[in-house]
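Below is one structure, written out as structure tokens; comments come after it.
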Amino acid sequence: MPRSFYDEVGGRPVFETIVDRFYEIAIADPMLRPLFATADAATTRRRITAFFVQYWGGPHDYSRERGNPRLALRHSLFRIGRAEHDAWLAAMREALEGPELTAEQRTAFYGYLVAAAARLINHAP
Ligand code: HEM
Numbered sequence: 003m004p005r006s007f008y009d010e011v012g013g014r015p016v017f018e019t020i021v022d023r024f025y026e027i028a029i030a031d032p033m034l035r036p037l038f039a040t041a042d043a044a045t046t047r048r049r050i051t052a053f054f055v056q057y058w059g060g061p062h063d064y065s066r067e068r069g070n071p072r073l074a075l076r077h078s079l080f081r082i083g084r085a086e087h088d089a090w091l092a093a094m095r096e097a098l099e100g101p102e103l104t105a106e107q108r109t110a111f112y113g114y115l116v117a118a119a120a121r122l123i124n125h126a127p
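Letter by letter, the sequence shown follows residues 3 to 127 of the working numbering.
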């Protein structure tokens with residue numbers, strides 16, 4: 003069986019590093035802070051990590067806990083305009099600099115995020 007992207011990059015710790023760094027950046031960002039500095043931040047951080055682990059071929063803990071991701075529906079609770087979208091992607095782009103990834107791996111991960119984030123905009127500026 004071909005190795006998954008999850009295995010190739012080094013498994014769960016790499017995804018934890020990315021999401022932990024994302025949260026540090028988001029909490030320091032005036033636009034993202036209200037969205038991510040919540041009482042449930044530890045839970046959501048764990049869920050986002052599990053989601054990426056699953057998406058890239060690791061264990062399916064996310065679905066076991068949450069069922070279908072239904073990301074558009076879950077994000078409809080938040081007002082996501084172009085500005086929030088751009089701030090989120092910029093934070094993720096920076097977070098992806100944390101772990102030792104190859105340029106190709108970073109491009110693959112970021113390219114996926116760009117495509118997925120575009121579908122979550124739910125508010126015209
Ligand atoms: C477009 C910019 C985005 C914004 C502003 C945004 C914002 C948020 C917010 C505010 C939460 C909940 C945080 C909390 O309750 O503590 C959340 C949860 C989550 N986000 Fe995003 N998000 C964005 C894009 C994405 C993308 C592109 C993905 C996946 C590729 C993603 C995956 C998730 C997941 C998996 C959760 C947890 C869902 C669950 O509860 O099961 N988000 N996001």
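For each residue, glycine too, the CB sits at the ideal point set by N, CA and C.
- For L98, the CB stays at least 7 Å from every heavy atom of the ligand HEM.
- Secondary structure at A41: coil, using DSSP grouped into helix, strand and coil.
- L34 carries a coil assignment under DSSP once its states are collapsed to helix, strand and coil.
- Taking every protein chain shown into account, the CB of L34 has 16 or more other CB atoms within 10 angstroms, so this residue is buried.
- Between P71 and F54, the CB-CB gap reaches or exceeds 8 Å.
- For I20, the enclosing alpha helix (DSSP H) stretches over residues R14 to I29.
- Counting every other CB atom within 10 Å of its CB across the protein chains shown gives A97 a total of 16 or more, marking it as buried.
- The nearest non-hydrogen atom of the ligand HEM is less than 7 Å from the C-beta of E86.
- In the structure shown, L75 adopts helical secondary structure according to DSSP, grouped into three states.
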